[in-house]
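First up is the structure itself, then whatever we jot down about it.
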Amino acid sequence: MTPLGNYTIGMKRYVACPLTAEQIGKVDLVICSHAHTDHFDYPSLRSMQSPDTAVVTAKGTRSLWEGLNYKTIDEMHWGDEKEYPGGLKVKAIEGEHWGARLPWNKEMEANSILLSKNGVNLFIGADTGYTEKFQQQLREMEIELAIMGIAAYSPKSFEARHATPEQAIQMAEEMGAKKILPMHWGTFKLSQEPMEEPIQRFNQAMAGKMEKIALQEIGATWVQS
């Protein structure tokens, strides 16, 4: 949402947030893929701000963080990589989306994200249409988990920037991900498909390989043994 005095304007959640900021507790690193209001929410970012918390944000979006109390604000362009305390490596990956907060913010990009630590790689697709860029950028890399958006694809023209459930699964398979976690569904009404359709189509497309799904309920927890 965008601040307007003591109020905000923007979309409201379709379902309640599973955790409060207090329940989340101390956050070492906030990663913001792009500046669209359903991903870059000022009330949420204020609730997590701390002089001990670092931020990774997309290229061209640093100005949006002014007035927030974070330790560092690192803008990342596609291909940029940085290691954070504890040995976590964060790399910006190019997908098929755009990142303008407002229509004239042409300088603002959108990132997908690769997280790596101790030989384990997690990929966050964030918002993206179907693309072969992921398998090209992640070639010869073992992906333990791919977190892929599966909604906001209707009308048909939306597919250029938001993959269908089937396309999200295809991209995860093309990068060789061992597990897939569906995201970007059931929370905000962004498009024309029914709210429950994305997860239903996702499950249908995953029939016969359900063991590859990390989780599929909002607020659930996945523990990899």
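Numbering-wise, the sequence shown is residues 0 to 224 according to numbering that gives the first Met the number 0.
Beta carbons: idealized from backbone N, C-alpha and C, even for Gly.
DSSP three-state assignment for residue i, whether helix, strand or coil
i: L67; result: coil
i: F133; result: helix
i: Y83; result: strand
i: E173; result: helix
i: A213; result: coil
Straight-line Cα distance separating residue j from residue i
i: Q48; j: L114; result: 21 Å
i: R12; j: L137; result: 33 Å
i: T1; j: G207; result: Since pLDDT at T1 reaches only 43, below the 50 mark, its modelled position is unreliable, and the value read off the structure follows with that caveat. If you take the alpha carbons of T1 and G207, they lie about 43 Å apart.
i: T60; j: N68; result: 16 Å
i: Y6; j: W64; result: Because Y6 carries a pLDDT of 46, less than 50, the predicted location of this residue cannot be relied on, and no value is offered for it.
i: T220; j: G24; result: 16 Å
i: Q22; j: S46; result: 11 Å
i: N104; j: Y129; result: 24 Å
i: M10; j: I212; result: 29 Å
i: L28; j: M170; result: 26 Å
i: H38; j: E108; result: 13 Å
Option in the options with minimal Cα separation from residue i
i: P154; options: G175, T186, P193 and M170; result: P193
i: E106; options: W64, D51, A125 and H76; result: H76
i: I198; options: T71, E131 and I149; result: I149
i: R200; options: G85, Q215 and N110; result: Q215
i: V14; options: T220, T36, F187 and A204; result: F187
i: I72; options: G85, H35 and P50; result: P50
Residue range of the beta strand (DSSP E) that includes residue i
i: I142; result: That residue, I142, is in no beta strand (DSSP E); it is neither H nor E in DSSP.
i: A57; result: S49 to A57
Which residues DSSP lists as bridging residue i, in chain order
i: N120; result: S115
i: C31; result: T56
Enclosing alpha helix (DSSP H) for residue i [first to last residue]
i: I198; result: E196 to A204
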